[in-house]
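Novice:
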Amino acid sequence: MVEWLDRLVHEAGSTGLVAIALGAFIEYVFPPFPGDTVTVLGGLYAVRGGWPVWLVFASVMAGSLAGAFLDFLFGRWVGRRIDTAPAGAWYLRHLSPAKLREWEARFRTRGSLWLVLNRFLPGLRGPIFVAAGASRIPMAKVLVLGGLSAFLWNGLLFGAGYAVGGQADRLESLVRVYGRVAWAVLACVLFVVLVRWWWRRRRVARDQPRS
Numbered sequence: 000m001v002e003w004l005d006r007l008v009h010e011a012g013s014t015g016l017v018a019i020a021l022g023a024f025i026e027y028v029f030p031p032f033p034g035d036t037v038t039v040l041g042g043l044y045a046v047r048g049g050w051p052v053w054l055v056f057a058s059v060m061a062g063s064l065a066g067a068f069l070d071f072l073f074g075r076w077v078g079r080r081i082d083t084a085p086a087g088a089w090y091l092r093h094l095s096p097a098k099l100r101e102w103e104a105r106f107r108t109r110g111s112l113w114l115v116l117n118r119f120l121p122g123l124r125g126p127i128f129v130a131a132g133a134s135r136i137p138m139a140k141v142l143v144l145g146g147l148s149a150f151l152w153n154g155l156l157f158g159a160g161y162a163v164g165g166q167a168d169r170l171e172s173l174v175r176v177y178g179r180v181a182w183a184v185l186a187c188v189l190f191v192v193l194v195r196w197w198w199r200r201r202r203v204a205r206d207q208p209r210s
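Sequential numbering of the sequence shown, starting at 0, is according to numbering that gives the first Met the number 0.
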């Protein structure tokens with residue numbers, strides 16, 4: 000990956016800044032994309048390309064905020080679609096209006112914490128902003144808290160990439176391991192949630208009186 004970045008620096012020039020911003024953006028619309036690796040390489044790009052650190056970091060932040068904003072707008076659209084959905088809509092077949100309102104209220108209560116933590120949770124970054132939009136959390140609040148989270152996490156990775164220089168491959172490997180572990184934990188949590196949901200539905204169906 001370091002060799003690839005060297006080629007990018009020498010061949011792409013300032014276009015590399017656009018590529019870094021685009022990489023940070025894509026992660027929010029396609030979560031499996033290795034956005035953290037892009038951020039680490041951004042720091043290395045600043046070293047090897049001789050670009051001002053603030054300019055490269057600004058490219059990473061611009062991509063992150065643009066992706067988060069797009070997810071938020073999509074969430075707003077989803078929220079409006081749910082609010083205006085006709086009775087019996089297929090995509091609400093297993094969700095009652097009361098349950099949806101309960102989920103929205105819960106997210107509005109804890110949404111600030113989720114938004115601050117979102118960058119530290121690979122795989123959940125995009126969905127958190129979608130949920131924020133659907134829950135009608137104010138846009139300014141979402142962007143400020145999401146921007147703070149991106150600044151902290153991106154700053155950590157970017158600074159590490161800037162500091163290690165030639166050891167970027169090792170740092171990139173550690174970031175990948177962290178991402179895989181986070182995805183595995185997320186999968187386990189999702190499995191537990193689905194099993195719990197299925198068990199509750201089964202219990203309710205069993206307790207209902209038969210005609």
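The beta carbon of each residue, even a glycine, is placed where N, CA and C say it ideally should be.
Restricting to Cα atoms, I'd like to know which of F157, L156, G110, L151 is closest to K140.
Specialist: Comparing Cα-Cα distances from K140 to each of F157, L156, G110, L151, the minimum goes to G110.
Novice: Quick one: give me the first and last residue of the alpha helix (DSSP H) that I81 is part of.
Specialist: 52-82
Novice: Please classify R135: does DSSP put it in a helix, a strand, or coil?
Specialist: Here R135 carries a coil assignment [DSSP, helix/strand/coil].
Novice: So for P126, helix, strand or coil by DSSP?
Specialist: Looking at P126 - three-state DSSP - the assignment turns out to be helix.
Novice: In terms of residues, what are the limits of the alpha helix (DSSP H) holding G49?
Specialist: It is not in any alpha helix (DSSP H) - G49 carries neither H nor E in the DSSP assignment.
Novice: Am I right that N117 and G145 are in contact with their C-beta atoms under 8 Å? What's the rounded C-beta distance?
Specialist: 6 Å
Novice: Taking 8 Å as the threshold (C-beta atoms), are M60 and A149 in contact?
Specialist: yes
Novice: In whole angstroms, what is the alpha-carbon distance linking S134 and L43?
Specialist: 38 Å
Novice: One question on the structure: do G74 and E26 come within less than 8 Å of each other, judged by their Cβ atoms?
Specialist: In this structure, E26 does not lie closer than 8 Å to G74 by Cβ.
Novice: Have a look at F71, E103, F68 and flag the residue whose alpha-carbon is nearest the alpha-carbon of D82.
Specialist: Nearest C-alpha to D82: E103.
Novice: Say the cut is 7 Å; is the CB of F119 nearer than that to a heavy atom of the ligand NAD?
Specialist: In terms of ligand content, the structure shown is empty, and the ligand NAD therefore cannot be addressed.
Novice: Going straight from the alpha carbon of L99 to that of R195, what length do you get?
Specialist: 18 Å
Novice: Could you give the DSSP three-state label for L120: helix, strand or coil?
Specialist: DSSP places L120 outside both helix and strand once states are collapsed to three, so it counts as coil.
Novice: Please report the distance separating the alpha-carbon of M37 from that of T14.
Specialist: Note that residue 37 is Val in the sequence shown here, rather than Met. If I take the Cα positions, the gap works out to 14 Å.
Novice: Which residues in the same chain as N153 place their Cβ atom closer than 6 Å to its Cβ, once the five residues preceding and following it in sequence are excluded?
Specialist: T38, V59
Novice: Roughly how many whole angstroms lie between the Cα atoms of L193 and A183?
Specialist: For L193 and A183, the gap between their C-alpha atoms comes out near 15 Å.
Novice: Going by DSSP, what residue range makes up the alpha helix (DSSP H) through F24?
Specialist: Counting along the chain, the alpha helix (DSSP H) containing F24 begins and ends at 14-28.
Novice: Quick check on DSSP: helix, strand or coil for F32?
Specialist: coil
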